[in-house]
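Numbered according to the working numbering, the sequence shown spans residues 1 to 469.
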Amino acid sequence: MVFSSTVFLFIFLPAVWIIYSLIPSRFLKAKNIILSAASVVFYAYGEPVYVFVMLGSVTLNFFAALLIEKKSGTVQKAVCGLTVAVNLCVLGLFKYVPWLVTTVNGALGLSIPVPELTIPVGISFYTFQILSYIIDVKRGKVRAQRSYADLFLYISFFPQLIAGPIVKYGDIADQIASRTVTVEKTARGVRRFIIGLSKKVLISNTAAIIADAAFSAALPSSCLAWAGAVSYCLQLYFDFSGYSDMAIGLASMFGFELNENFRYPYIAVSVCDFWKRWHISLTSWFREYVYFPLGGSRCGKARAMFNRFVVFFLSGLWHGANFTYILWGIWHGVLMVLEQTTGLNKAAKKRGVAIFSRFYALLAVILGFVMFRADSVSAAFAYIGRMFSFSGGVTDAVLFFSPWTIVVLACGIIFSAPIVPFIREKMSGTEAGAKAASALGYVGAVLLFALSVGMLVSSSFNPFIYYIF
Numbered sequence: 001m002v003f004s005s006t007v008f009l010f011i012f013l014p015a016v017w018i019i020y021s022l023i024p025s026r027f028l029k030a031k032n033i034i035l036s037a038a039s040v041v042f043y044a045y046g047e048p049v050y051v052f053v054m055l056g057s058v059t060l061n062f063f064a065a066l067l068i069e070k071k072s073g074t075v076q077k078a079v080c081g082l083t084v085a086v087n088l089c090v091l092g093l094f095k096y097v098p099w100l101v102t103t104v105n106g107a108l109g110l111s112i113p114v115p116e117l118t119i120p121v122g123i124s125f126y127t128f129q130i131l132s133y134i135i136d137v138k139r140g141k142v143r144a145q146r147s148y149a150d151l152f153l154y155i156s157f158f159p160q161l162i163a164g165p166i167v168k169y170g171d172i173a174d175q176i177a178s179r180t181v182t183v184e185k186t187a188r189g190v191r192r193f194i195i196g197l198s199k200k201v202l203i204s205n206t207a208a209i210i211a212d213a214a215f216s217a218a219l220p221s222s223c224l225a226w227a228g229a230v231s232y233c234l235q236l237y238f239d240f241s242g243y244s245d246m247a248i249g250l251a252s253m254f255g256f257e258l259n260e261n262f263r264y265p266y267i268a269v270s271v272c273d274f275w276k277r278w279h280i281s282l283t284s285w286f287r288e289y290v291y292f293p294l295g296g297s298r299c300g301k302a303r304a305m306f307n308r309f310v311v312f313f314l315s316g317l318w319h320g321a322n323f324t325y326i327l328w329g330i331w332h333g334v335l336m337v338l339e340q341t342t343g344l345n346k347a348a349k350k351r352g353v354a355i356f357s358r359f360y361a362l363l364a365v366i367l368g369f370v371m372f373r374a375d376s377v378s379a380a381f382a383y384i385g386r387m388f389s390f391s392g393g394v395t396d397a398v399l400f401f402s403p404w405t406i407v408v409l410a411c412g413i414i415f416s417a418p419i420v421p422f423i424r425e426k427m428s429g430t431e432a433g434a435k436a437a438s439a440l441g442y443v444g445a446v447l448l449f450a451l452s453v454g455m456l457v458s459s460s461f462n463p464f465i466y467y468i469f
């Protein structure tokens, strides 16, 4: 089921929220059961068979965590290592084995049967959550959950089940056991959800029109190639940050608080700064469970460079079974290493340098996302070549622009910067201003919701990009 669908907006969500709200707060276990049941329905709506894969993962890790906590020494390490390996094998089976077999067949001229497997939606996200839980139990950072139902809710909670944010167990364990739902928190959650919905439906889907046209063109002009690259950056950001906003808003409606996943990444002054703002939960996961265990920056400059490179290679691979994702990860890894070794990431923040460093960072990100979006590595380089050919005129680009498209893309560029927080801060200097800012926020949310629903009714199905990861 997709957040930006009429079934979710007008049937599933109202029904779940009403049933949840009718249960008194003192019956928290019953509320949790309702959320777990709703999460199963939410996931099974699109892929009923793969519910059993998720159930199997939860069951395996529930008992494994109890055993890991009970044991110590070599046995504990062995159980933890085996559990991690099984989780990664399940992820690899669905996500990478068909691709690997196809790649080997093509490279060696073999005809090994390719397994006909579809990737379970959200498997990369909930697998990383499970891994963080198991590893943290082994490290003694969290206690193993004694309630299967509570662990299942942690993994399956539908607001963040499909595309994150990736939530560590320690950040949400207390909320599963005790939380409150207030009118104010619910209202903030609804407003945040609507903001995310409008990001996806109004901006991302509109930007997709230009991006799809440019990347599918056999020989785009330089103008269309640049328009497509910039549009894809807007599409991806407003699609994914929109989903994160919707997830955070939905969680708030049920009393949970999730961490932020984006902080205006396109205003970054370096690639290092970009990764402190983009997909924060994934960056934090790799830092804590890969980079630090490898030694981080404590083992000398050469080893630190290697560790960063490994992290970004794996980050690219995590996104999917395609050499373009790996290339994208390597691109960012190389730039991160260069910035760290040359000190560019620190110099970029100095006054007078920031404007040039922002231009460099944005250009690096745009080129990286061209690699990310392209169908193949050769197609990526060909597309970048068209961007810098400065040929072809503007005719093919103009065909895909309309007054609506121009206005929406302009809004996308404007709201990629922290304009709204800046205005809210200025207005909140006085009590009257703070009330006016809040009222304007809710009025704007109502208008955005009406406009988004109108777009949904008149458009075709358009799932979130990160569903495929």
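Just so you know, even glycine gets a beta-carbon here, dropped at the ideal spot from N, CA and C.
Cut-off 8 Å between Cβ atoms - residues of its own chain near residue i, not counting five sequence neighbours on either side
i, result
"Ser-221", "Arg-386, Ser-391, Gly-392, Gly-393, Val-394, Thr-395, Asp-396 and Ala-397"
"Cys-223", "Gly-392, Gly-393, Val-394, Asp-396 and Ala-397"
"Val-75", "none"
"Val-86", "Leu-60"
"Thr-186", "Ser-252 and Met-253"
"Val-104", "Leu-110 and Ile-112"
Assigned secondary structure, residue i (DSSP; H/G/I helix, E/B strand, else coil)
i, result
"Cys-89", "helix"
"Cys-272", "helix"
"Gln-491", "An answer regarding residue 491 cannot be provided, because it is not within the stretch 1 to 469 covered by the chain."
"Pro-472", "The requested residue 472 is not part of the displayed model; the chain covers only 1 to 469."
"Phe-470", "In the structure displayed, the chain extends from 1 to 469; residue 470 sits before or after that span and is not available."
"His-279", "coil"
"Ser-416", "coil"
"Lys-168", "coil"
"Asn-105", "helix"
"Ala-219", "The sequence as given places Leu at residue 219; Ala does not occur at that position. The answer is coil: DSSP assigns Leu-219 none of H, G, I, E or B."
"Pro-159", "helix"
"Lys-200", "helix"
"Val-181", "coil"
"Asn-261", "coil"
"Asp-375", "coil"
"Met-1", "coil"
"Ala-364", "helix"
"Cys-299", "coil"
"Phe-62", "helix"
C-beta contact flag for residue i and residue j at 9 Å
i, j, result
"Trp-275", "Met-371", "no"
"Glu-47", "Thr-118", "yes"
"Ser-156", "Met-305", "no"
"Leu-250", "Phe-359", "no"
"Val-142", "Asp-150", "no"
"Ile-203", "Leu-409", "yes"
"Phe-464", "Gly-170", "no"
"Ile-34", "Val-16", "yes"
"Ser-36", "Leu-108", "no"
"Ala-207", "Tyr-232", "yes"
"Val-181", "Phe-254", "yes"
"Glu-339", "Cys-272", "yes"
"Phe-400", "Ala-225", "no"
"Gly-441", "Arg-424", "yes"
"Ala-211", "Gln-175", "no"
"Ala-417", "Tyr-264", "yes"
Contacts around residue i, its chain only, beta-carbon distance under 6 Å, and the 5 residues preceding and following it disregarded
i, result
"Gly-164", "Phe-125 and Ser-281"
"Trp-99", "Ala-321"
"Lys-168", "Ser-132"
"Gly-329", "Phe-312, Phe-313, Ser-315 and Gly-316"
"Val-114", "Pro-98, Val-101 and Thr-102"
"Phe-8", "Met-1"
Assigned exposure category for residue i - 16 Cβ within 10 Å defines buried
i, result
"Phe-356", "exposed"
"Leu-161", "buried"
"Val-446", "exposed"
"Arg-191", "buried"
"Ile-112", "exposed"
"Glu-431", "exposed"
"Phe-422", "exposed"
"Ser-25", "exposed"
"Phe-27", "exposed"
"Trp-404", "exposed"
"Ile-248", "buried"
"Ser-147", "exposed"
"Ser-402", "exposed"
"Val-49", "exposed"
Proximal residues to residue i (C-beta, below 7 Å), its chain only, five neighbours per side dropped
i, result
"Ala-64", "Val-79, Thr-83 and Ile-134"
"Val-230", "Ile-366"
"Phe-309", "Gly-333 and Val-337"
"Met-246", "Phe-3, Phe-193, Gly-196 and Leu-197"
"Gly-122", "Leu-161, Ile-162 and Ala-163"
"Ala-379", "none"
"Val-377", "Phe-323, Thr-324 and Leu-327"
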